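Here's the structure we're looking at; comments come further down.
Protein chains in written order, with the working numbering: chain A, 1 to 268; chain B, 1001 to 1268; chain C, 2001 to 2268.
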């Protein structure tokens, strides 16, 4: 993975302003919409069964995020996901809190089965819980680094024929035998709510412009990690980090990506 | 329209702290409440059928915003809107995403018919879709400037006997033969989610203290545009713009309004 | 109450990162999650009847906040509250808007009766309305200072055998014959939406690490007031105040608490 290709995607997002349809949790609706706008995409949030199919018809990617879930939202996610599949636009699943409650674990499995997302993006605990049907997620935070979930992620990737993107101190993106590790980001990012959800939303924007899900997922994680690093340089705490992050997503350029990118790719 | 009269309204809002009842979308609840507090109004968000009528009974204006809509919310909006009409307090409709899905277009028409809002405040695509029953809104973003929707706005104003406030690079506020154009604002404002919704919420605050809907709508758009311009002067991106905007709404004074206001009024 | 003991609790929160389960209103979900993360706790928001019991099983405290209420949420709050009671973890009730509508007043009473929260944290109007079954809350803002509600708070404390924490220019925390008054905070804090809700969320974090509800409630109010004071020193308005507040919650140390704390305790 090279900086040049990440930058190509950023340019495409800024030029095309792809519409990213999010069915996501209440906590992050505002912050993920702002992140998508800052990078240059066009977010729309819509969750009603009566309109999701129509809204998906306008979108270039669909992001399903199961935080603050309830039954009627699962139904809407399935309707939207099937519409996305039939239109051939990419669906990204963020299994927030999978492993913490059976409502969330079961909803994630149902979406995996019926919608077949091209990318699953979660933290170590969530990915582990989906792959192994065990392990406990503590609320919505991970008790496991991405590396602890690496083999589980690979199993999930093979079983579901999709890309699995695991966030952590090191982000790990896996498809079949391909592994990309990204060592960008900053510890203070874990003190801002919903940056994992932001990663998923940005993954939707990248998948809207890049037809290769492995690349799209890795580019999104690298971009967010790099932007977070730059944002943290002038941050006095998580409040200013969050604000700086939006500013950096809006202004980031090729040189900054070049200077900060730390990644490695392997095929086993 | 003169700066003096905008300032009169701002002083009244700060003095009276009118309660503005918002039934609005999940994405902007926090940011619009903060904008209302910053300008000096008192926001309340309440959407349950069981309490909206009672809450409207305490309020000085009602803002109905159809982003992230679902059926039970439409019902609550109609109950609240009828209560506002019977109490004689102004209702403002923001038809977010009208034209993008039939759920939203139909809900907006139903509210127009049954509630008779004194002000409709939307972007060009939304206003066009409501007036002409055609055109497509791309998600919640406009594909049409306010000027492209000017004649549609006039038709809507005449048909619904209300003021129509269209946001865009130039904001256009229309009632019958009256036209006010405002050329304030900053392009970066489009990269902060929900500033259109903020415009509608502020319109509610102005309508609560100014009985002339044309003036109230125009003053709100001018104030927000001016505050956005000032906020952008020291902004490094949309993150700092959003924060600065709240600071400016809180501190804005008569001189700043005087210095920045760019508008023209016509009667055809 | 001494600074040393507040600081002990802050250290425990940072070390233990207690999971605080919030069933709260849409307006503040993001901002209260960020405040909890900034102080070092782990927030989770979950409201579905199907999962709240399971989620409470992972948590160290439960915060019930009745802003933006609807019927299905009341039911979820009762299920979660009963689970918290049976597990022996503390429940905090924030009766947002009690007294403004009967839906909210009745829901608060039902929660008081069936869940028996260890701490009720509200503004003067809300506490008065719950104790006296009269008075009118204007939307979600108080029309009464904490001191006007002091005797009502004491009655409520005795009647419900709980700690009552009333926010205002002076915060008053009462349990039976104990009274703690805290004179920290800054007037501009009232111009940021949901800082009352943030107070309740932080109270949950303190109650998770301190078994004495009177202390936990008072420490949370003091900490937030002090952080708000410090945040206001460099704030140009409510936008920067909110950002600074998160930064200060993240960085606050023993000396700052020592320097700013203004409180008095009495036993009558």
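The beta-carbon is built from N, C-alpha and C at its ideal position, and this holds for glycine as well. Note that this is a predicted model, so its numbers are computed, not measured.
Helix, strand or coil for residue i per DSSP?
i: residue 1069 of chain B; result: coil
i: residue 34 of chain A; result: helix
i: residue 1237 of chain B; result: coil
i: residue 105 of chain A; result: helix
i: residue 1177 of chain B; result: coil
i: residue 21 of chain A; result: strand
i: residue 2042 of chain C; result: strand
i: residue 63 of chain A; result: strand
i: residue 1098 of chain B; result: strand
i: residue 2138 of chain C; result: strand
i: residue 161 of chain A; result: coil
i: residue 48 of chain A; result: coil
i: residue 219 of chain A; result: helix
i: residue 2252 of chain C; result: coil
i: residue 2128 of chain C; result: helix
i: residue 1116 of chain B; result: coil
i: residue 2212 of chain C; result: coil
i: residue 56 of chain A; result: helix
i: residue 2204 of chain C; result: helix
i: residue 2196 of chain C; result: helix
Quickly, what does DSSP pair residue i with across the bridge? List them, please.
i: residue 2123 of chain C; result: C:2167
i: residue 2264 of chain C; result: C:2181
i: residue 1091 of chain B; result: B:1062
i: residue 2230 of chain C; result: According to DSSP, residue 2230 of chain C bridges with nothing at all.
i: residue 2172 of chain C; result: C:2166 and C:2181
My guess is that residue i and residue j are in contact by the Cβ rule of under 8 Å, so how many angstroms apart are they, rounded?
i: residue 1145 of chain B; j: residue 1169 of chain B; result: 6 Å
i: residue 204 of chain A; j: residue 92 of chain A; result: 5 Å
i: residue 2065 of chain C; j: residue 2115 of chain C; result: So it is not a contact: roughly 13 Å between Cβ atoms.
i: residue 2245 of chain C; j: residue 2228 of chain C; result: 6 Å
i: residue 2214 of chain C; j: residue 2183 of chain C; result: Not confirmed; about 18 Å, so no contact.
i: residue 193 of chain A; j: residue 2043 of chain C; result: 7 Å
i: residue 2130 of chain C; j: residue 2098 of chain C; result: 5 Å
i: residue 221 of chain A; j: residue 199 of chain A; result: 6 Å
i: residue 2069 of chain C; j: residue 2104 of chain C; result: 6 Å
i: residue 2180 of chain C; j: residue 2263 of chain C; result: 6 Å
i: residue 1206 of chain B; j: residue 1009 of chain B; result: 5 Å
i: residue 2189 of chain C; j: residue 100 of chain A; result: That pair is no contact at about 33 Å.
i: residue 23 of chain A; j: residue 108 of chain A; result: Incorrect: roughly 13 Å between the Cβ atoms, too far for contact.
i: residue 21 of chain A; j: residue 46 of chain A; result: 7 Å
i: residue 1 of chain A; j: residue 167 of chain A; result: About 16 Å; that fails the 8 Å criterion.
i: residue 52 of chain A; j: residue 178 of chain A; result: With a Cβ gap of about 32 Å, residue 52 of chain A and residue 178 of chain A do not count as contacting.
i: residue 217 of chain A; j: residue 74 of chain A; result: With 8 Å as the limit, residue 217 of chain A and residue 74 of chain A do not qualify as a contact, their Cβ atoms being about 24 Å apart.
Please classify residue i as buried or exposed, where buried requires at least 16 other C-beta atoms within 10 Å of its C-beta.
i: residue 1161 of chain B; result: exposed
i: residue 233 of chain A; result: exposed
i: residue 1239 of chain B; result: buried
i: residue 1004 of chain B; result: exposed
i: residue 112 of chain A; result: buried
i: residue 350 of chain A; result: Lying before the first or after the last residue shown, residue 350 of chain A is absent from chain A, which here runs from 1 to 268.
i: residue 2087 of chain C; result: exposed
i: residue 1154 of chain B; result: buried
i: residue 18 of chain A; result: buried
i: residue 1014 of chain B; result: exposed
i: residue 2133 of chain C; result: exposed
i: residue 2030 of chain C; result: buried
i: residue 1247 of chain B; result: buried
i: residue 27 of chain A; result: buried
Under the criterion of a Cβ to heavy atom distance below 7 Å, does residue i qualify as lining the ligand GTP?
i: residue 2221 of chain C; result: Ligands are entirely absent from the displayed structure, and the ligand GTP is therefore not among its contents.
Output, in sequence order along the chain, the residues in the segment 1065-1095 of chain B whose CB is closer than 8 Å to any CB in chain A. 1067, 1068, 1069, 1070 and 1071
Contacting positions in the segment 2231-2257 of chain C - beta carbon closer than 8 Å to chain A: 2242, 2243, 2244, 2245, 2246, 2247, 2248, 2249, 2250 and 2251
Taking Cβ-Cβ distances below 7 Å as the criterion, which residues of the segment 27-40 of chain A are in contact with chain B? 29, 30, 33, 34, 37 and 38
Going along the chain, which residues of the segment 14-26 of chain A sit with their C-beta nearer than 8 Å to a C-beta in chain C? 25 and 26
Residues within the segment 1050-1063 of chain B neighbouring chain C, beta-carbon criterion of under 8 Å: 1050, 1051, 1054, 1055, 1058 and 1059
Given a limit of 9 Å on CB to CB distance, which residues of the segment 190-209 of chain A reach chain C? 190, 191, 192, 193 and 194
Name, going along the chain, the residues of the segment 1164-1176 of chain B whose beta-carbon falls closer than 9 Å to a beta-carbon of chain A. none
Check distances from the C-beta atoms of the segment 1095-1109 of chain B to those of chain A and list, in chain order, the residues that come in under 8 Å. 1097, 1100, 1101, 1102, 1103 and 1104
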